[in-house]
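Read in this note's numbering, the sequence shown has 335 at position 146, and its numbers run on one by one without any break.
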Amino acid sequence: MSSKKHWSPGAEVSVQCVERSDFGGWIVSGSLTPSGICPDCGLHSRRRHGWRRRRLQDYPAHGEEVTVDLAICRWRCLAPACPRRTFADQLTSIAHPFARSTSRVGEIVSHLGHATGGRPAERLLHRLGLGVSDYTVLRQLKKRAQGTAKPPTVIGIDDWSWRKSQTYGTIIVDLERRVVIDILEDRDVVTCTNWLKRHPEVKVISRDRCGLYA
C-alpha cells in the first residue's frame, strides 16, 4: 500500500506492512528507530539484545478496527560505567506502559465518555470501529482525573449515565481546569457528602438542580 505513512501511530514508527486481518479489520506492522538510547546514561546503542511484539488498538479506518503490531527491541548498553546492561524501546509518545491502545485512542474514548456517558459512548465507539466496553470508558475518565495538577477548589457535580434511563452515577468536574476529577458509583447524597469530606479544599460547588444533591 503506497500511503503507509498515513497508518503510522507516531512519527518514530516506520510502517513495513498493512494487511487485512483474518478476523476483519487491519493489521499495521511496524518498528521503531534502528537504535536505542539508554535511559540511565543517554548513550546511543545499535547492539540488539532481543525483541518482542506489542499490539495496540489504534484509530479505526473506514469503520473497521486497526491493530498496530510493533516490534519492540531490547538493546545493550555498552557504557562501562553504566549500571544498566540492557534497555527496551520506549513508547511514551505513542502509548502508556501496559496499555492495550494508543494514547490517541484513549483521548477519543475519554472525550466521548465525558460527553455521552458510559453505555452510549460504548455503542458509538463500536459503530466507529473501536471495540471498547463501558468499563474501558470509565477507566479512561478516571485516568484523566488522576492527572489533575492541583487540588480543585471550584467544582461542578452532576449525574452521569452508566446506562441511559436506567443506571446513573455522579460526575465531578474541576470547573477552573475543565477536566473530570472523579466519577462516583451512584448519585446518592451520602456518597457525595463523603467525597466532599475527603476534599476540604473545595470552596465553591455548582450542582445539579435535582434534589438528590441538595
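For each residue, glycine too, the CB sits at the ideal point set by N, CA and C.
Q) In its own chain, which residues sit with a C-beta less than 6 Å from the C-beta of Gly199, not counting the 5 before and 5 after it? A) Ser282 and Ile283
Q.
Assuming Ile216 is part of the beta strand (DSSP E), what are its boundary residues?
A. Trp215 to Ser220
Q: Express the C-alpha separation of Ser395 and Lys139 in angstroms, rounding to a whole number.
A: The requested residue 139 does not occur in the structure, where the chain is confined to residues 190 to 403.
Q: Would you list, in sequence order, the uninterrupted beta strand (DSSP E) runs of no fewer than 3 residues that lie entirely inside the segment 358-389?
A: 368-373
Q.
Within a Cβ cutoff of 7 Å, which residues of the same chain sit near Ser292, ignoring the five residues on either side of it in sequence?
A. Ile283, Ala284 and His285
**Q.** Exposure label - Ser191; buried when at least 16 CB within 10 Å
**A.** For Ser191, the predicted model reports a pLDDT of 48, less than 50, meaning its position is unreliable and no value from the coordinates is stated.
**Q.** Where Met190 falls: helix, strand or coil (DSSP)
**A.** Only weak support exists for where Met190 lies, its pLDDT of 48 falling under 50; the coordinates are left without a value.
Q.
Can you tell me which residues form a DSSP beta bridge with Ser203?
A. Ser220
Q: Can you give me the start and stop residues for the beta strand (DSSP E) that Leu259 sits inside?
A: Glu253 to Arg265
Q) How would you label Gln205, buried or exposed, when you count the other beta carbons within 10 angstroms and need 16 or more for buried? A) exposed
Q. So Val393 is in the beta strand (DSSP E); what residue range does that whole segment cover?
A. Val393 to Arg396
Q: Locate the alpha helix (DSSP H) running through Leu245, then write down its first and last residues.
A: Leu245 -> not in any alpha helix (DSSP H); beta strand (DSSP E) instead, spanning Arg237 to Ala250.
Q: Would you mind sorting His233 into buried or exposed? The rule is 16 or more other CB atoms within 10 Å of its CB.
A: exposed
Q) Is it a yes or a no for the segment 295-314 touching the segment 254-266, going by three-plus beta-carbon pairs under 8 Å? A) no
**Q.** Cβ neighbours of Asp397 in the same chain (closer than 8 Å, five flanking residues each side left out)
**A.** Ile346, Asp347 and Asp348
Q | Enclosing alpha helix (DSSP H) for Thr305 [first to last residue] | A | Ser292 to Thr305
Q. With a CB to CB cut of under 6 Å and the five nearest residues on each side skipped, what residues in its chain are close to Glu374?
A. Gly358
Q. Which of helix, strand or coil does DSSP assign to Arg209?
A. strand
Q.
Which residue wins for smallest C-alpha separation from Tyr248, given the options Thr356, Ser290 and Trp351?
A. Ser290
Q: Output the boundary residues of the beta strand (DSSP E) element that contains Phe276.
A: Thr275 to Ala277
Q.
For a test of the three-state rule: what should DSSP assign to His195, helix, strand or coil?
A. helix
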